[in-house]
Every structure is written in C-alpha cells, then in structure tokens.
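**Q** Starting off with a structure, shown below.
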Amino acid sequence: MKHDKIVALLAGAATSFSFAPYELWWLAILAPAFWLAITLDKTPEQAFRRGWLFGVGLMTPGLYWVHHSMSAYADTPYAIAVAVALLLALTMALYYGLAGHLSARWTLSHSSRARLLMMVALFGLGEWLRSWLFSGFPWLLLGYSQIDTPLGAYAPVGGVWLVSLLTMVCAALLVSMTRPGVTPRSISILLLLAIGAGGYQLSGVQWTHKKGDPIRVSMIQGNIPQDEKWLPENRLPTLAFYSDTTLELLDSELVIWPESAIPDFLFSVERELIEPLNAKLVESSTTLVTGVLTYPAEATYYNTILATGRERHFYHKRHLVPFGEYFPLGWLWKGWISGLATMGEDFSEGQAQRPLMQVGSHLAGVSICYEIIFPEEVRESLPDADFLINLSNDGWFGTTSGPLQHYQMARMRSLENGRMTLRSTNTGVTAVIGLDGQTIKQLPQFTRGVLTAEVQPYQGMTPYSRFGIYPAAALVLLLLLAARLSGRGN
1 MKHDKIVALL AGAATSFSFA PYELWWLAIL APAFWLAITL DKTPEQAFRR GWLFGVGLMT
61 PGLYWVHHSM SAYADTPYAI AVAVALLLAL TMALYYGLAG HLSARWTLSH SSRARLLMMV
121 ALFGLGEWLR SWLFSGFPWL LLGYSQIDTP LGAYAPVGGV WLVSLLTMVC AALLVSMTRP
181 GVTPRSISIL LLLAIGAGGY QLSGVQWTHK KGDPIRVSMI QGNIPQDEKW LPENRLPTLA
241 FYSDTTLELL DSELVIWPES AIPDFLFSVE RELIEPLNAK LVESSTTLVT GVLTYPAEAT
301 YYNTILATGR ERHFYHKRHL VPFGEYFPLG WLWKGWISGL ATMGEDFSEG QAQRPLMQVG
361 SHLAGVSICY EIIFPEEVRE SLPDADFLIN LSNDGWFGTT SGPLQHYQMA RMRSLENGRM
421 TLRSTNTGVT AVIGLDGQTI KQLPQFTRGV LTAEVQPYQG MTPYSRFGIY PAAALVLLLL
481 LAARLSGRGN
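In structure tokens:
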C-alpha cells in the first residue's frame with residue numbers, strides 16, 4: 001500500500017480514542033486490524049517502521065497530558081515539558097515497532113497466518129514487558145478499552161493482559177476475513193462469536209463472595225488547586241476543612257482523605273491535628289485513613305498512608321514515579337526537569353512485602369496514586385484484602401484525559417481481583433467501584449464534597465488473583481506454537 005505509513009500512524013491515533021474519556025471501545029479492534037493488515041507482507045525493517053508509527057499515533061495523543069504537570073506546576077519550561085512528553089511517547093512506541101520487526105523476522109518464509117499469529121503473540125509480550133521493564137509504564141494497555149464489553153469479563157481470568165490479547169485476536173480475525181488464504185471466513189466468524197459468547201458467559205460468574213456485613217465509608221474530596229495546596233497561608237484552612245468535615249462523619253467506620261491531603265510532614269501536625277482528632281475518632285470507633293508525608297529518619301522521605309485508631313498503621317509507597325518522586329540518573333536530568341512532588345529531595349521506596357494494611361477491623365489492599373496501574377503489585381494483597389483502597393492526587397493533570405484514564409485502570413483492578421475499590425482523590429475521580437469494575441457511586445471532578453457509601457467486604461480469589469500472568473502467558477505460547485505449525489509459504 002502506497003500510503004501505509006500514514007495508515008499506521010492514523011490507526012494508532014484512532015486506537016487512542018478507545019480509552020477514557022472517549023471509550024469508543026470498537027476502535028481498539030478495528031484500528032489495530034489496519035496496522036496488522038499493512039504489516040503482513042513487509043520486511044522486518046518495514047514492519048518495524050509501521051509498528052513504531054502505530055505506537056507513535058497511539059501514545060502521542062494518549063499521553064499528551066504528561067507535559068501539563070511539568071509545565072503548569074513545576075519549574076520546567078513549556079518546550080522542555082512538551083519534549084519530555086513526546087520523548088516518552090516515542091519510547092513507548094518502540095514496543096510496537098519491535099513486535100512488528102521480530103514477527104516479520106521470525107516468519108520470513110512462513111505463511112501470512114503465521115505472521116498474523118506471531119504479531120498478536122509479540123504484541124501481548126510487549127505489553128507485559130512494558131509493565132515492568134525499566135520500572136514499568138503500563139499505561140494504555142489495550143485491554144483497558146474493553147472494560148465495559150464482553151471481552152472485559154476475561155479480566156478475572158487473566159487480568160488486563162488476557163483482555164488485551166483477546167482484543168488483538170479479534171483484530172487479527174477481522175484481517176483474516178479480508179485476506180484470502182489466511183483462515184476461512186466462516187472459521188474467523190465462528191471464533192469471533194465464540195470469544196464474545198465466552199465473555200457473556202463469564203460476566204455472570206461470581207468469583208468471590210461476601211465476607212460479613214457492609215461497612216459505612218466516607219471519602220472527602222478537598223478539591224484544593226494544586227498551585228495553592230502547599231502555600232503557607234492555606235495550611236491551616238486545609239487542615240481545618242478536613243478535620244471539621246471528618247467530625248461530621250463519626251457514624252462512618254472509615255473516613256478516607258486523599259493522597260497528601262495533609263500539606264505538611266506528619267511530625268509537624270501530630271499535636272496540632274492528628275492526636276486530638278484521633279481521640280474523638282476512637283470514641284466513635286471510626287478509623288481515619290489519610291495520605292501524608294513522613295520523615296522517620298535523616299534523608300528518608302516517604303509518601304505514606306496513615307491509618308489511625310488505638311494502634312497506628314503505616315504503608316509507605318513502594319513504586320515511585322520517575323521524575324516526579326525520584327530522579328533516575330539525577331545528575332543528567334535534575335537541572336532541566338523539576339520534580340513534581342519531591343520538594344527538592346527524592347522520596348524513598350517503602351519496603352513492605354505486600355501492599356496490605358490494617359484499617360479498623362479490616363485488611364485493605366492499599367496503593368498510592370500511580371501504584372494502582374500495576375496489576376501484579378495490586379494482586380499481591382490478595383487473598384487477605386477485604387477491599388482495595390487507592391489514594392491519589394490527580395490535580396497535577398488538570399482537566400486533561402490523564403485522571404480519567406487513571407480511573408479506568410483503577411476500575412480494572414476491581415474487576416481483576418473481585419474486590420470493591422475505594423478511590424479517594426483531591427480533585428477526582430473519587431468513587432466507589434464494584435467488584436465488577438462498574439462505578440457504584442462517584443463525586444464530580446473539581447468539586448468539594450463527601451462521598452458516603454455502604455461497602456461490602458469480599459473474600460476468595462479470582463483465577464487472576466491466584467495465577468497472575470500465567471493464563472495470558474499460556475495464550476501467548478499457544479499463539480507462538482500455532483504460528484510455528486502454520487507452515488511455510490503463502
């Protein structure tokens with residue numbers, strides 16, 4: 001095709017509209033099908049370029065919001081912030097280029113069917129690698145786009161990776177229906193129907209079951225503008241708002257504040273805020289869960305979740321945001337890019353073995369902001385977690401699509417693990433998510449308010465909670481084996 005490079009770029013851009021906030025889920029099947037179709041007969045070098053262009057088309061509009069946090073709230077010049085966001089998109093696009101290159105190289109003398117199977121398998125492998133390699137950045141995994149479709153019902157079986165793979169399988173089946181000699185059209189149609197029917201059947205399966213009675217939970221959304229949050233004159237009004245609002249919620253078993261709700265270190269607000277507030281909370285058997293900065297030792301700073309009560313419990317963030325909470329190769333970057341949350345110093349990584357925390361009479365799987373996007377790390381809290389808690393502050397990203405994409409990923413964690421998620425944020429999206437990944441209740445973005453809901457603890461494990469990546473890995477191996485057995489020639 002004469003203009004297939006443009007087609008690859010546009011196919012990637014169209015795929016970006018399958019994610020929040022647009023959620024045109026069908027584009028995640030149709031648009032990649034164009035990329036697959038124009039790559040089937042290409043050399044490894046040509047396949048790399050088309051795969052990379054597809055990735056650029058996907059990642060550039062999908063990650064445009066990255067520059068906003070640096071240019072609006074840090075000291076990073078706008079041009080450098082845009083360049084960093086573009087560099088991130090170009091780097092993430094390499095995974096798609098490599099999938100195209102390797103699939104072409106390994107099937108040079110094989111049939112188009114073998115090439116198609118290999119591309120789907122390596123696409124899935126690339127998404128998995130992107131989730132942990134070089135600290136990991138599993139944003140815009142294709143499966144997130146399918147959370148409200150029958151394909152999403154496969155998430156409790158094999159996580160978002162299995163959903164991504166099946167989405168690409170559907171795209172490949174569309175290609176096979178239009179390419180003679182790949183797969184008989186009738187078989188492709190039957191396979192598409194089987195995948196959809198399987199999703200419908202799985203959507204009716206209850207993988208986990210209730211544990212005890214529901215509890216009353218209240219989450220406070222402060223909606224404090226990011227550029228005002230740390231101003232000295234706003235410190236006391238902020239503390240007073242959260243404290244006074246909490247004292248109106250003593251009929252709740254849990255009251256949850258967002259990430260870094262307290263605009264100070266914990267030791268600075270102990271006597272002023274925490275101790276007197278906790279004394280009243282203990283009387284009503286209410287537990288406060290809040291984000292706060294801690295400084296337990298010299299040159300050791302943590303982004304922390306604190307749970308009050310007769311005994312205190314802490315969770316220190318384990319997976320830090322590169323260039324936001326710490327600087328990899330700081331000698332190279334730090335003079336050009338200002339950190340978003342480090343206040344001049346790198347945060348330290350928490351050393352907890354599992355992201356599990358006692359909150360009142362329950363165990364919760366906990367995560368701070370960015371940590372919710374890592375499926376395997378959230379899964380580590382199972383089977384002990386009764387529900388999931390995610391504290392976040394997406395105020396850094398304003399009215400961009402970043403916070404809505406972030407929320408879409410939090411929904412997937414509920415669906416994967418069969419647990420409700422309590423998501424407390426500064427500016428939104430603050431919400432209660434059901435174990436099916438659907439929103440039960442939420443506050444509007446950029447409003448100050450309180451969300452109160454009855455939350456049901458659950459027990460048991462989904463197949464994904466138990467086996468993790470293995471179901472998706474098994475499908476990748478099957479695809480590779482099928483590619484190998486597809487024979488040579490066209």
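Sequential numbering of the sequence shown, starting at 1, is according to the working numbering. Ideal Cβ positions, reconstructed from N, Cα and C, are used throughout, including at glycine. These figures come from a predicted structure and were not determined experimentally.
Using 8 Å as the cut-off, can you tell me whether the stretch 246-257 makes contact with the stretch 287-297, which would need three or more C-beta pairs spanning the two stretches below that distance?
**A** yes
**Q** Please classify Arg50 as buried or exposed, where buried requires at least 16 other C-beta atoms within 10 Å of its C-beta.
**A** buried
**Q** May I have the straight-line CA-CA distance separating Ile80 from Leu116, to the nearest angstrom?
**A** Take the alpha-carbon of Ile80 and the one of Leu116: they are about 39 Å apart.
**Q** Is Tyr295 closer than 8 Å to Met357 when the C-beta atoms are compared?
**A** The answer is no: Cβ separation not under 8 Å.
**Q** Between the alpha carbons of Ser18 and Ile274, how many angstroms are there, rounded?
**A** Roughly 44 Å separates the two Cα atoms.
**Q** Which stretch, first to last residue, makes up the beta strand (DSSP E) that contains Gly365?
**A** His362 to Ile368
**Q** Kindly indicate the opening and closing residues of the alpha helix (DSSP H) around Leu291.
**A** Strictly speaking, residue 291 in this sequence is Gly, with Leu absent from that position. First-last for Gly291: Thr287 to Ala297, but that is the beta strand (DSSP E), not the alpha helix (DSSP H).
**Q** Rounded C-beta distance between Met412 and Tyr144? I'm assuming under 8 Å.
**A** 6 Å
**Q** Under the assumption that Met59 contacts Ala93 (Cβ atoms under 8 Å), give the Cβ distance between them as a whole number of angstroms.
**A** 5 Å
**Q** Start and end of the beta strand (DSSP E) containing Asn303?
**A** Per DSSP, Asn303 belongs to the beta strand (DSSP E) from Thr300 to Ala307.
**Q** Using 8 Å as the Cβ pair cut-off and three pairs as the minimum, do the stretch 137-153 and the stretch 443-462 touch?
**A** no
**Q** Please classify Ser414: does DSSP put it in a helix, a strand, or coil?
**A** helix
**Q** As a quick exercise: from Trp161, Thr39 and Ser203, pick the residue whose alpha carbon is nearest that of Arg179.
**A** Measuring from the Cα of Arg179, the nearest candidate turns out to be Thr39.
**Q** Here's the rule I'm using: 16 or more other beta-carbon atoms within 10 Å means buried, otherwise exposed. How should Trp26 be labelled?
**A** Trp26 is exposed by the Cβ-count criterion.
**Q** Could you pull out every residue in the same chain whose Cβ sits closer than 6 Å to the Cβ of Tyr200, ignoring the five residues on either side in sequence?
**A** Taking C-beta separations shorter than 6 Å and ignoring five residues to either side along the sequence, the partners of Tyr200 in its chain run Pro150, following chain order.
**Q** Helix or strand or just coil, what does DSSP make of Met181?
**A** The displayed chain sequence assigns Gly, not Met, to residue 181. Coil at Gly181, not helix or strand.
**Q** Using only the alpha-carbon positions, how far apart do Tyr470 and Leu415 sit?
**A** Near 17 Å, if we compare the C-alpha coordinates of Leu415 and Tyr470.
**Q** Hey, could you find the ends of the alpha helix (DSSP H) Val476 is sitting in?
**A** Tyr470 to Leu485
**Q** Using the C-alpha atoms, what's the distance from Leu86 back to Thr167?
**A** 27 Å
**Q** Leaving out five residues on either side along the sequence, give the residues of the same chain with a beta carbon under 7 Å from the beta carbon of Ser135.
**A** Pro322
**Q** Can you give the Cα-Cα distance for Ala431 and Val217, rounded to whole angstroms?
**A** 11 Å
**Q** Using alpha carbons as the reference points, say which of Gly55, Ser186 and Pro61 lies closest to Thr400.
**A** When each option's Cα is compared against that of Thr400, the closest is Pro61.
**Q** Measuring straight from C-alpha to C-alpha, what distance separates Asp244 and Phe397?
**A** 28 Å
**Q** Contact between the stretch 295-313 and the stretch 378-387 is defined here as three or more beta-carbon pairs at a separation below 8 Å; is this criterion met?
**A** no
**Q** Using a Cβ-Cβ cutoff of less than 8 Å, which residues in the same chain neighbour Phe347 once the five nearest sequence positions on both sides are dropped?
**A** Tyr301, Tyr302, Asn303, Lys317, Leu320, Glu325, Tyr326 and Ala341
**Q** If I measure Cβ to Cβ from Gly360 and keep anything under 7 Å in the same chain, skipping five residues before and after, which residues do I get?
**A** Glu253, Leu254, Thr287 and Gly309
**Q** Measure the C-alpha to C-alpha separation of Gln405 and Phe137 and round it to an integer number of angstroms.
**A** 13 Å
**Q** Would you mind stating whether Trp35 and Ala8 have Cβ atoms separated by less than 8 Å?
**A** yes
**Q** At which residues does the beta strand (DSSP E) containing Gly449 begin and terminate?
**A** Gly449 to Val455
**Q** Take Leu141 as the anchor and find which of Thr452, His362, Ala453 and Thr15 has the nearest alpha-carbon.
**A** Thr15
**Q** Is there contact between the stretch 442-453 and the stretch 183-203, where contact requires at least three CB pairs shorter than 8 Å?
**A** no
**Q** Starting from the N-terminal side, write out each stretch of the alpha helix (DSSP H) that is 4 residues or longer and does not extend beyond the stretch 164-234.
**A** 185-202
**Q** Just mark Leu479 as buried or exposed, buried being the case when its beta carbon has 16 or more other beta carbons within 10 Å.
**A** buried
**Q** Taking buried to mean at least 16 other C-beta atoms within 10 Å of its own C-beta, is Ser112 buried or exposed?
**A** buried
**Q** Within a Cβ cutoff of 7 Å, which residues of the same chain sit near Ile440, ignoring the five residues on either side of it in sequence?
**A** Val432, Ile433, Gly434 and Ala453
**Q** Inspect the beta-carbon positions of Gln442 and Val429 and report whether they are closer than 8 Å.
**A** Going by C-beta atoms, Gln442 is nearer than 8 Å to Val429.
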